[in-house]
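Colleague:
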Amino acid sequence: MASLLCLSLLAAAAAATSPGRLVPFDLLYADGVRAYLARDWARAAELLQRALHSYAGLRAARRACRAACAREEPFPGGPGRWEAALLGPVLQRAGCLQRCLRRRLRPAPSAHRASRAVRRDFERREPYNYLQVAFFQLKKLDQAVSAAHTFFVANPQHLQMREDIEKYRRMSGVKSDSFQDLEATPHWEAYETGVQHYDADEYLQAVARLEESLSEALSALEECRALCEGPREDEDEEEKMQPGLYEAIAAHYIQVLKCRQQCVLEIATKPGRISATEDFIPSHLDLLQFAYSQVGNQTMAAECAASYLLFYPTDEPMLEKMKQYRTELEEDAAVTARQSIQHYVQRSLMEKKLIYYAVEHLGETFNDPDLWTPDELIPENLREKHREDQEKQKQETLDVEEREKRGPLPFEGIAVTMDSQQMNGTQRVVFDRVLTESECKDLLRLTKAAGEAGDGYRARRSPHTPHERFEGLTVLKAMQLAQNGDVEWRDAKLLLQASEKSRKIIESYFTPGKKLHFSFTHLVCRRAVDGEQEGRMDLSHPVHADNCLLDPEGQECWKEPPAYVYRDYSGILYLNDDFQGGGLFFTEMDTVTVTAEVHPKCGRLVAFSSGKENPHGVWAVSRGRRCAIALWYTHSQEHAEQERVKAEELMEQRSVEQDQPDGDKHQRTDRSSRSSSEPRAPRRASKPADQRQKPGLDRKQHPKVLRARDEF
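Mapped onto mature numbering (1 follows the signal peptide of the UniProt record, and there is no 0), the consecutive letters of the sequence shown carry residue numbers -16 to -1, 1 to 696.
Written out as structure tokens, the structure is:
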């Protein structure tokens, strides 16, 4: 059934390019969603499929017409008056496009100009989200599975769809081959298979699949470029003054050129990823030159190397390879770059030259998608800004990746006060209102037991400074004290609940769908020692990283014992603010350049990844007593906190002894609310770098790394 759905989509797209009425896809989509909300599943399925057919047909018609008109009305290159020579053919091409689109799209082509929001839904495959529920209600499981899988491929962070996919896998009667991507791009499947063969030293198979991938990628690039020639999209809806003829032509033309340049990012971005694989086209040539050399085809290896050098002409390792290939081949053998790659590079450089002229003289902006753009092409007064923009773009990419990987918070009322961008780093966040004032007071009451019977580090006053008294209490110790009657059970239970609530928040924000286990939980207080604060120069906790040994001089952090190398995320849940000092701060790797500070207060949770990207310390507590729950988490179940397991067993034992368990009713309610096997109504998809050593050569100037910037 899934294959039939796929074939019907393709057939409809092909049929839509022939003369006939094509209903605008946004109207069909709106009607389909309305039918969906009315629970008219058959009508919803029909309309949503027709919307997808119309969308595919519209794109196919535009591609076909632009290709046909390029053949029928080519631009002449002969001399003549520039207006007649340039604008005459432009008008003829426009007329050709209008006639072609009128034949293929009925009603008029203007009826198919959907809003940006609707187009974005189709780009994110949102119709498949609705479609899978409609098919499920119609008992068409195979089609529901294919629609769900197609949506999930492009939205791997969508938690609801992840659950639905797992439910489908457990259902009887669902075929494994139903889990197929109905909108799969051929070049990605070939590319990933080719890389797998390459990594397995199966170079003959790698050559075949990588050549296929390169060919399909260049074809996809041409299709993307054809779609750039659409209507102009003004970012400023309320433009103060309409541009003149030449300004309007220039602005629209530059918009088209920039769109064409960005197409390389589109084909280099795998569905479900949010950033492109760097140097996607050059990396094919690099892989191929090495693979061809391994199978003894030096002629093709030399051709690929020459093609690669069009992108990086001064790359010394590749120049050495070329010299070697020329030596191995006959002296009179001509070694030239591929014609398709020559055309690709020459056309791209021509477009970049025009765009940079517009940037310099017309006030345009441009984020160059390529790392290989030669410096001499960029105007001298823009080169420094270009380098700054590239660094800024990399940082923005990291920030976007982090934002897109976030899941929904599992509790209401919690506020994100600061995110990574506001804290000048990565994988950092501050939440407020995690605890209420009364909960903070109850936990502070528990900290008094820490002062009397707690477990500070090896009975020392403080593990970090003689100017403070350190008091600590683990979850197991708290339960044992409650068992002995030294503290109230409800306070000990609250420590378990508050730390678990923090774990769920941090897991849902940073690693949705990937389990975080407790590594260690510690209720800690730092009290300033009276009479020992004057002239104090040290910190309450020196700058460090939580899973590696920080080396400021070497600008490195070594993941080796005695560091807790298995820790992945850290958190601090503050209980009070009636003290001086004691704030958390983050630094650069040098441990002295402060990048962000967090001031404690009741219910504030600061969370961050535990690695070298987040060196942090605690300012000296100069007066009063600072209390917080320190939390560390790991993805490794074997390093999960064993004391917590024992503490939970004591709590369970206590609950069994009570007539009315306090927490059991809530847990049953929570579980029952999630037990339904029926897929839930879809919500908006939230989008989403693996590193792999590039093959063949060990570069310094252009390292051989295929780095997709997103790190899902």
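All residues carry an ideal CB built from backbone N, CA and C; glycine is no exception. Note that the structure is a prediction, hence the values are computed from the model and not measured.
Grab me the residues of Ala290's own chain with a C-beta within less than 7 Å of its C-beta, minus the 5 sequence neighbours each way, in chain order.
Modeller: Excluding sequence neighbours, Ala290 sits near Met306, Val319, Thr320, Ala321.
Colleague: Are the beta-carbon atoms of Ala29 and Ala118 separated by less than 7 Å?
Modeller: Cβ distance < 7 Å, so Ala29 and Ala118 count as in contact.
Colleague: Rounded to whole angstroms, what is the Cα-Cα separation between Gly519 and Ile613?
Modeller: Each residue's Cα considered, the two are about 29 Å apart.
Colleague: Flag this pair as yes or no: are the beta carbons of Ala34 and Leu12 separated by less than 7 Å?
Modeller: In the sequence on display, residue 34 carries Arg and not Ala. Yes, Cβ-Cβ distance for Arg34 and Leu12 is below 7 Å.
Colleague: Please confirm if the region 624 to 640 is in contact with the region 543 to 555, defined as three or more CB-CB distances below 8 Å between the two stretches.
Modeller: Segments in contact, no.
Colleague: Hey, quick one: how far does the alpha helix (DSSP H) through Met334 stretch, first residue to last?
Modeller: Run containing Met334: 323 to 345, per the alpha helix (DSSP H) assignment.
Colleague: Sorted by chain position, which residues of the same chain lie with C-beta nearer than 7 Å to Pro170's C-beta, five sequence neighbours on each side aside?
Modeller: Hits under 7 Å: Glu200.
Colleague: Where Ala482 and Leu419 are concerned, what is the direct C-alpha to C-alpha distance, given to the nearest angstrom?
Modeller: Their backbone Cα atoms lie some 8 Å apart in a straight line.
Colleague: Using alpha carbons as the reference points, say which of Ala101, Ala131, Glu107, Lys124 lies closest to Tyr114.
Modeller: The option with the nearest alpha carbon to Tyr114 is Ala131.
Colleague: Expressed to the nearest angstrom, what Euclidean distance is found between the alpha-carbon atoms of Arg43 and Leu211?
Modeller: Taking the straight line joining both Cα atoms gives about 7 Å.
Colleague: Glu581 by DSSP, collapsed to three states: which one?
Modeller: Three-state result, Glu581: strand.
Colleague: Between which two residues does the beta strand (DSSP E) harbouring Phe395 extend?
Modeller: Here Phe395 belongs to no beta strand (DSSP E), and DSSP marks it neither H nor E.
Colleague: To the nearest angstrom, report how far apart Met521 and Val527 are at their CA atoms.
Modeller: Each residue's alpha carbon lies about 14 Å from the other.
Colleague: Out of curiosity, what's the CA-to-CA distance linking Leu559 and Ser486?
Modeller: If you take the alpha carbons of Leu559 and Ser486, they lie about 13 Å apart.
Colleague: Going by DSSP, what residue range makes up the beta strand (DSSP E) through His236?
Modeller: Premise fails: His236 lies in the alpha helix (DSSP H), 229 to 251, not in any beta strand (DSSP E).
Colleague: DSSP state of Arg551, grouped into three classes?
Modeller: Arg551 falls in the coil class under three-state DSSP.
Colleague: For the ligand ATP, any of its heavy atoms closer than 6 Å to the Cβ of Pro170?
Modeller: Within the structure as shown, the ligand ATP is missing, as the structure has no ligands at all.
Colleague: Using the rule of at least 16 other Cβ atoms within 10 Å of the residue's Cβ for burial, across every protein chain shown, is Gly647 buried or exposed?
Modeller: Model confidence at Gly647 stands at a pLDDT of 46, short of 50, so the residue's coordinates are unreliable and nothing is read from them.
Colleague: With DSSP collapsed to three states, give me the class of Ile362.
Modeller: Three-state DSSP puts Ile362 in coil, outside helix and strand.
Colleague: Could you tell me if Val576 is buried or exposed, where buried requires 16 or more neighbouring beta carbons within 10 angstroms of its beta carbon?
Modeller: With fewer than 16 Cβ atoms within 10 Å of its Cβ, Val576 is classed as exposed.
Colleague: At a cut of 8 Å, does the region 590 to 608 reach the region 562 to 575 through at least three beta carbon pairs?
Modeller: The region 590 to 608 vs the region 562 to 575: in contact.
Colleague: Please report the distance separating the alpha-carbon of Lys499 from that of Gln467.
Modeller: Cα to Cα, Lys499 sits roughly 30 Å from Gln467.
Colleague: Quick one: is Phe9 buried, meaning 16 or more other Cβ sit within 10 Å of its Cβ, or exposed?
Modeller: Its Cβ being crowded by 16 or more others within 10 Å, Phe9 is buried.
Colleague: Would you check if the region 159 to 169 and the region 189 to 196 touch, i.e. whether three or more CB-CB distances between them fall below 8 Å?
Modeller: No: fewer than three Cβ pairs fall under 8 Å.
Colleague: For the candidate residues Arg331, Pro358, Ala317, Leu366, whose alpha-carbon lies nearest to that of Glu348?
Modeller: Of the listed residues, the one whose Cα sits closest to Glu348 is Leu366.
Colleague: Within 10 angstroms of its Cβ, does Val279 collect 16 or more other Cβ (buried), or is it exposed?
Modeller: Exposed, since its Cβ has fewer than 16 Cβ neighbours within 10 Å.
Colleague: Pick from Phe494, Asn531, Arg417: whose alpha carbon is nearest that of Lys585?
Modeller: Measuring from the Cα of Lys585, the nearest candidate turns out to be Arg417.
Colleague: Between Leu333 and Leu361, which are expected to be in contact by the criterion C-beta below 8 Å, what is the C-beta distance as a whole number of angstroms?
Modeller: With a Cβ gap of about 7 Å, Leu333 and Leu361 count as contacting.
Colleague: Once the 5 residues before and after Met407 are set aside, which same chain residues still bring their CB inside 6 Å of it?
Modeller: Contacts found: Ala580.
Colleague: Since I believe Cys509 is in contact with Thr410 (beta carbons under 8 Å), could you give me their beta-carbon distance rounded to a whole number of angstroms?
Modeller: So it is not a contact: roughly 30 Å between Cβ atoms.
Colleague: Using the C-alpha atoms, what's the distance from Asn281 back to Val179?
Modeller: Straight-line Cα distance between these residues: approximately 19 Å.
Colleague: Expressed to the nearest angstrom, what Euclidean distance is found between the alpha-carbon atoms of Ile325 and Asp535?
Modeller: If you take the alpha carbons of Ile325 and Asp535, they lie about 45 Å apart.
Colleague: Taking the alpha carbon of Phe454 as the point to measure from, which residue in Ser524, Glu484, Glu622 has its own alpha carbon closest?
Modeller: Checked all of Ser524, Glu484, Glu622; the closest Cα to Phe454 is Ser524.
Colleague: Over what stretch of residues does the alpha helix (DSSP H) that includes Arg609 continue unbroken?
Modeller: Looking at the DSSP string, Arg609 is not in any alpha helix (DSSP H); the run it does join, the beta strand (DSSP E), is 605 to 618.
Colleague: Tell me which same chain residues have a C-beta within less than 6 Å of the C-beta of Gly256, skipping the five on either side of it?
Modeller: These residues qualify, in order along the chain: Val137, Ala138, Pro140, Pro672.
Colleague: Identify the residues that DSSP records as bridge partners of Asp416: which are they?
Modeller: According to DSSP, which records beta bridges pairwise, Asp416 is partnered with Ala399.
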